Amino acid sequence: MYRLMRNIHLGLGLISVLMALVFAVSSIVIVYRPLLNTKPTETETAVTLPADARSAPRAAALALMTGHGLRGDLRDIQEKDGRVTFHIVRPGEVSDVAYAVSSGDATIKTKRQSALETLVSLHTNHGFWHEYMPSNLWAALALFASLGLLLLGLSGIYLWFQHHKERVIGGVLLGFSLIFGFTALLLTRLQQ
């Protein structure tokens with residue numbers, strides 16, 4: 312049993328290390344964002360929507376996605392005084408679209424993030440209900456990596472417990488780690 316658990320522990324560590332590094336680097340970017348130069352590059356494009364795409368924001372977004380290479384989730388649809396605005400969002404890129412329903416004249420303002428900010432977008436991406444399939448795939452990878460890291464910890468505790476001479480110091484370190492982790496979690500929740 313010990314050899315099987317050791318192999319599981321090693322395999323889970325090797326599989327989960329890349330995802331853990333992505334989350335570690337993006338966490339550092341989130342904390343030190345003011346010190347980093349992570350400003351997006353912005354472009355603006357003017358287009359005219361076809362008549363059949365003007366009536367509904369979803370149809371307009373689909374026309375822009377197929378005709379102008381925009382990709383991502385459709386979000387924040389607002390209609391007011393004959394103008395429609397919405398965002399097409401994917402990790403690392405946000406396109407703000409505004410168009411007049413009557414004429415179909417549309418403005419697309421696209422912000423492309425740096426690689427570091429794209430990692431932050433991946434870090435904060437949540438849920439499995441995205442229209443943009445790569446976001447759903449990323450969410451599945453994050454879920455499997457999270458489960459893998461939990462199993463890595465449990466298998467590590469099992470392996471540690473099998474070393475009878477190291478149980479006391481290991482128990483002290485494990486207890487300290489749990490207290491530190493829960494205290495840090497509590498303090499971050501109190502700050503929000």
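Start counting at 1 in the sequence shown, then tack on 311, and there's your number in my numbering. Using N, Cα and C, we set each Cβ at its ideal position, and we do this for glycine too. Keep in mind it's a predicted model, so treat the numbers as computed, not measured.
Leaving aside the five residues that flank MET316 on each side, the residues in its chain whose CB is nearer than 7 Å to its CB run, in chain order, SER466, TYR469, LEU470. When secondary structure is reduced to three states using DSSP, ASP363 falls in the helix class.
Within the model, the alpha-carbon separation for VAL328 versus ALA453 is close to 12 Å. With a 10 Å radius around the Cβ and a threshold of 16 neighbouring Cβ atoms, ARG344 comes out exposed.
Boundaries of the beta strand (DSSP E) harbouring GLU404: 404 to 411, taken from the DSSP string. No Cβ-Cβ contact shorter than 9 Å links THR359 with PRO402. Comparing C-alpha distances from LEU381 to each of LEU461, GLY481, ARG423, LEU460 shows the shortest one belongs to ARG423. Between the alpha carbons of GLY486 and HIS474 lies a gap of roughly 17 Å. Boundaries of the alpha helix (DSSP H) harbouring GLN502: 478 to 502, taken from the DSSP string.
GLU442 carries a coil assignment under DSSP once its states are collapsed to helix, strand and coil. Cβ-Cβ distances below 7 Å link ASP387 to PHE397, HIS398 in the same chain, with the five nearest sequence neighbours on each side left out; the list follows chain order.
Each residue's CA atom was taken as its position, placing GLU442 and GLY383 some 7 Å apart. Two segments are said to touch when three or more pairs of C-beta atoms, one from each, lie closer than 8 Å; by this definition the segment 349 to 368 touches the segment 411 to 420. Annotation for THR435: the continuous alpha helix (DSSP H) segment containing it runs 426 to 435.
When the beta-carbon positions are compared, VAL336 and LEU427 come within less than 9 Å of each other. Considering only HIS434, LEU496, ARG478, the residue with the shortest C-alpha distance to PHE334 is HIS434. Ranked by Cα distance from GLU355, the first of THR349, VAL405, LEU347 is VAL405. In the three-state scheme derived from DSSP, where H, G and I count as helix and E and B as strand, THR349 is classed as coil. Counting along the chain, the unbroken alpha helix (DSSP H) around HIS320 starts and ends at 313 to 342. If you check the CB distance, ILE341 and VAL483 do not come in under 9 Å.
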